[in-house]
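Numbering (my numbering), first residue to last: 13 to 203.
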């Protein structure tokens with residue numbers, strides 16, 4: 013029995029569209045910078061793909077991106093944040109240069125990472141780091157204070173997620189979505 017032409021075309025369409033729905037391909041154009049600065053600031057064994065996933069969440073890997081609040085580049089750095097980093101690292105010449113934007117973003121991640129050295133879980137440690145990158149260090153610290161006051165373990169990101177709506181003046185949906193997005197994207201980044 014021969015299949016009708018319509019059925020054949022439908023099957024071809026379904027097969028081709030299902031493979032198109034697989035993992036997305038992201039440009040490898042900036043990978044050398046993610047690898048270099050992840051290694052420099054986090055060590056040889058640290059998975060550099062976390063920072064590429066962060067840049068995808070921040071800018072969609074658009075090195076020309078500029079947000080409504082004037083955050084710039086791949087890592088969406090605020091001008092004041094970049095200037096502060098530049099005081100410590102004057103070789104980071106220009107926030108618009110992808111290399112220095114990535115270097116400064118990962119350097120800033122390292123500063124935030126050190127704030128939670130007591131957190132043993134890699135996933136929680138990364139969540140606090142990325143959460144502070146997005147919302148600001150003080151906002152995440154306030155969230156920890158609220159979590160602790162409510163009897164939660166303030167070193168677990170899940171506790172922060174639970175109490176987030178109770179933290180005043182925090183656009184928590186944005187931050188929680190941002191952290192979740194990075195965790196979802198890291199496995200899509202090719203090694």
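Where a beta carbon is used, it is the ideal one built from N, C-alpha and C, also for glycine.
These figures come from a predicted structure and were not determined experimentally.
Kindly indicate the opening and closing residues of the alpha helix (DSSP H) around residue 62. That run of the alpha helix (DSSP H) goes 61-71.
Look at residue 131 and residue 155 and say whether their C-beta atoms are less than 8 Å apart. No.
Going by beta carbon distance, what residues of the same chain come within less than 6 Å of residue 111, once the five residues before and after it are set aside? Result list for residue 111: 45, in chain order.
The alpha helix (DSSP H) spanning residue 187 covers which residue range? Here the alpha helix (DSSP H) through residue 187 covers 184-197.
Residue environment, residue 79, which counts as buried when at least 16 other CB atoms sit within 10 Å: Flag for residue 79 reads exposed.
Rounded to a whole number of angstroms, what is the C-alpha to C-alpha distance between residue 65 and residue 160? Spanning the two alpha carbons is a distance of roughly 30 Å.
Which whole-angstrom value is the C-beta distance of residue 62 and residue 138, which I expect to be below 8 Å? Residue 62 to residue 138, Cβ: 6 Å. Contact.
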